[in-house]
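Going down the list, the sequences are from chains W and R. Take the first sequence: its letter number 27 is residue 27 in our numbering, and every next letter is one higher. Take the second sequence: its letter number 4 is residue 1004 in our numbering, and every next letter is one higher. C-beta atoms are modelled at their ideal positions from N, C-alpha and C, and glycine is treated no differently. Structure record follows, encoded as structure tokens.
2 protein chains.
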Amino acid sequence: MATNEKPKPTYSEIAEVAGVSEATVSRVLNGDERVHPDRVKAVKKAVEKLGYRRNRIAAALASGKSRLIAIVIEDDLGLFSDPFWASVSSGVSKVLMENELQTLLMVTASNQVDGPVAHYLEGGEVDGAIFFQMHKDALVKKLAKQGLPVVIAGSPHKDAGLAYVDTDNYGGGKQATQHLFNVGCKRVAAITGDTGATAGRLRLDGFVSACKLNKYEVPNSYIAHGDYSYESGRDQMTKLLAMKERPDGVFVANDLMAVGAIKAIRDAGFNCPEDIKIVGFDDSMLAQTSRPELTSVRQDIEKLGETVANLMI
Amino acid sequence: MATNEKPKPTYSEIAEVAGVSEATVSRVLNGDERVHPDRVKAVKKAVEKLGYRRNRIAAALASGKSRLIAIVIEDDLGLFSDPFWASVSSGVSKVLMENELQTLLMVTASNQVDGPVAHYLEGGEVDGAIFFQMHKDALVKKLAKQGLPVVIAGSPHKDAGLAYVDTDNYGGGKQATQHLFNVGCKRVAAITGDTGATAGRLRLDGFVSACKLNKYEVPNSYIAHGDYSYESGRDQMTKLLAMKERPDGVFVANDLMAVGAIKAIRDAGFNCPEDIKIVGFDDSMLAQTSRPELTSVRQDIEKLGETVANLMI
DNA sequence: ACGACAGGTGAAACCGATTTCACAGACATC
DNA sequence: GATGTCTGTGAAATCGGTTTCACCTGTCGT
């Protein structure tokens, strides 16, 4: 180990071997058109021969571009355990990698977002940031204003000119709800996500729209408010079940809550889907694997991640 | 924007304000003991005043330490969709962040691991690498030999002196199997994971051990070999069900397969757990949310991630 | 033919820290 | 009082690329 020196070729060596200057080496490696073909060939040959590998750190320092994209996730509710975001991350990472970009994963408690994460992001050592279902608009806007490319996966609270990618929340909610009517439900209810956020509101809007379309008037009490967590799904469903006129079909704004809702139904001694039908949102692995199988609106998750990444690029 | 210049303080400015040299600034910021308290105070004050933020990239270049740890995941089977790994990642990221380290997420198809990923890792721009259930021992060993700190989450094929962290596969397998005997199963079978890998083998060993303990001789045909995927769980279970003497209890080496197995059982017209009992391994969100609830051996997943990260540090 | 112009090229500055090295003083030793 | 540590400190080199800028060609226009 000690005796075996590592070559670790640098520009200067390549330049020497190829008989050109370091500047030219840089030009070739960065695809500058204006270099004479002969030299391009010479440099490439030297690179090949020496097994050169560019040092991204040095490059980053000199050029001011780190080629690093951060993924920021709030993990209060075990959010990242939701296969949905994991899949998105996966898609993002793949696409970025194909584009010679690195993915920085920042999982953090939401109350700490303003601390280390903000600190880091503002430091300008990242070329872009992708936020997952981020509720702290302030930070995002601030970063965007600083000129940092920002993409939000999942809708931001208000469309403040921020780039975002999301699944079709409105259409999905509508479609899911329509499904309930199609299978004959008469008393349709909903368990919403965080309606303070765009995504949650749109899903609810879709629900309401479908109800109108079916000339069905939703009682206010039939709209229960959850927060996307398993527990909230369970609890809200329990509340719905306790009503005199129980709903016979429920649109739940994400799969995690839907599974919680099913749990509540079973615990209360009812059957799903015989007594009460549940339709979720996401069609995650969760929906596919839970028993009884959960009907869910499909979302092309990895594709979403890929779109996010491409948008970033 | 154009008119508003960003200060972006550097060492030289701090040095000037504090009336010391850049070298001293560096020493203070890196906690060098040998600096006179007065200057330390002066520097800290200047840092505060200017709102200085260290440029990690420059630091990385100069010191040769990138403070970046890579997480490498093969994503052939939608592995990352398995909440298990997502949770581990989450734990890793949190701990690393607390230690001022960044997490680089590299999701890649396993046939591409040797390409870009290996290339990158060998480039030495990462201070360490964490592999998730990596089967390519060759690459891992090579990196380790190059002096790169490597930790494997999940057991490596052979214990080649590589650091690894894993759940108690043997104990878990044993415990899970024992549970089947405890609830009265007479014909106990297993669906294994990849027994070519240590984790899979150990879980099976635990199973066998528990069988011996209960003086139960497992028929060879009762040991079905899966590959941790949902499909394989389903298919292997179907195989088991087709036997003349059906098992009445099955230990399945992970939850994903277990859910697949339950699916197969239901599809075949049986009930779970009435007719056949299934016990999984991981106790992931999957186990908690699927219906009927899947009995599973608990694994403290985030803790695992944290352990991995700490080991790396 | 001669200045203008454009394409190529290399020397050197630069990015922002870290780290080596040499050198003052303060203090102890003989 | 001369010599010898030990501390604390700053100037300068360094990390490995990128980028500016000046300059040197050869070609074109007239």
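- Looking at R/Phe1281, R/Leu1241 and R/Gln1236, the one whose alpha-carbon comes closest to that of R/Asn1271 is R/Leu1241.
- Using a Cβ distance threshold of 8 angstroms, W/Phe132 and W/Ile71 count as a contacting pair.
- Membership of W/Glu125 in any beta strand (DSSP E) is not indicated, and neither H nor E is assigned to it by DSSP.
- Rounded to whole angstroms, R/Ser1221 and R/Ile1191 show a C-alpha spacing of 11 angstroms.
- Of R/Gln1236, R/Phe1281, R/Glu1245 and R/Thr1177, the smallest CA-CA separation from R/Gly1260 is found for R/Gln1236.
- Per the C-alpha coordinates, the member of R/Ile1073, R/Asp1038 and R/Leu1104 positioned closest to R/Arg1067 is R/Leu1104.
- With a 10 Å radius around the Cβ and a threshold of 16 neighbouring Cβ atoms, W/Lys277 comes out buried.
- Not flagged as an interface residue toward chain R: W/Pro9, since no C-beta distance is shorter than 8 angstroms.
- Closer than 8 angstroms at the C-beta level to chain R, one finds these residues of the region 93-104 of chain W: Ser93, Lys94, Met97, Gln102, Thr103 and Leu104.
- Counting every other CB atom within 10 Å of its CB across the protein chains shown gives R/Lys1263 a total of 16 or more, marking it as buried.
- Sequence-distant Cβ neighbours of R/Asn1254 in its own chain, meaning closer than 7 angstroms and more than five residues away, are Gly1193, Tyr1228, Gly1280, Phe1281 and Asp1282.
- For W/His179, the CB contacts under 6 angstroms within the same chain, skipping 5 residues up- and downstream, are Val279 in chain order.
- With a beta-carbon spacing of about 5 angstroms, R/Ala1046 and R/Ile1014 fall inside the 8 angstroms limit used to define contacts.
- In the displayed model, R/Phe1270 falls within coil according to three-state DSSP, outside both helix and strand.
- The residue among R/Thr1238, R/Cys1185, R/Glu1245 and R/Tyr1230 with its C-alpha nearest the C-alpha of R/Tyr1216 is R/Cys1185.
- Nearest in C-alpha terms to R/Arg1201, of all of R/Arg1187, R/Gly1172, R/Ile1073 and R/Asp1032, is R/Gly1172.
- In this structure, DSSP gives R/Ala1264 a helical state, which the three-state scheme calls helix.
- DSSP, reduced to helix, strand and coil, places R/Lys1186 outside both helices and strands of the structure shown, so it counts as coil.
- Under the DSSP definition of a beta bridge, R/Glu1074 partners with R/Thr1108.
- Pairing R/Gly1128 with R/Pro1149 gives a Cβ-Cβ distance under 8 angstroms.
- Between W/Ala153 and W/Ile130, the beta carbon gap of about 6 angstroms places them in contact (Cβ cut-off 8 angstroms).
- Annotation for R/Val1117: Val1072, Met1106 and Thr1108 place their beta carbon closer than 7 angstroms to its own, counting only its chain and skipping 5 residues before and after.
- Judged by DSSP secondary structure, R/Gly1280 falls within the beta strand (DSSP E) whose first and last residues are Lys1277 to Asp1282.
- Under DSSP, the beta-bridge partners assigned to R/Gly1249 are R/Val1188 and R/Lys1277.
- A buried status is given to W/Pro247, since no fewer than 16 other beta-carbon atoms sit within 10 Å of its beta-carbon.
- Burial of R/Ser1089 is indicated by the presence of at least 16 other C-beta atoms within 10 angstroms of its C-beta.
- A direct Cα-to-Cα measurement between W/Cys211 and W/Val252 gives close to 14 angstroms.
- Taking 8 angstroms as the Cβ-Cβ cut-off, the region 1014-1033 of chain R has no residue approaching chain W.
- W/Glu98 and W/Arg56 have their C-alpha atoms roughly 16 angstroms apart.
- Spanning the alpha carbons of W/Lys65 and W/Glu125 requires a straight line of approximately 8 angstroms.
- The bridge partners DSSP lists for W/Ile130 are W/Ile71 and W/Val151.
- By the neighbour-count definition (other C-beta atoms within 10 Å, threshold 16), R/Gln1146 is an exposed residue.
- When Cβ-Cβ separations below 8 angstroms define contact, R/Ile1057 makes contact with chain W.
- By the C-beta density criterion, R/Asp1267 is exposed, having fewer than 16 other C-beta atoms within 10 angstroms.
- Excluding residues up to 5 positions away in sequence, Thr24, Arg27 and Val28 lie with their Cβ nearer than 7 angstroms to the Cβ of W/Val35 in the same chain.
- Below the 8 angstroms Cβ cutoff, chain R contributes no neighbours of W/Gly154, its closest Cβ being approximately 17 angstroms away.
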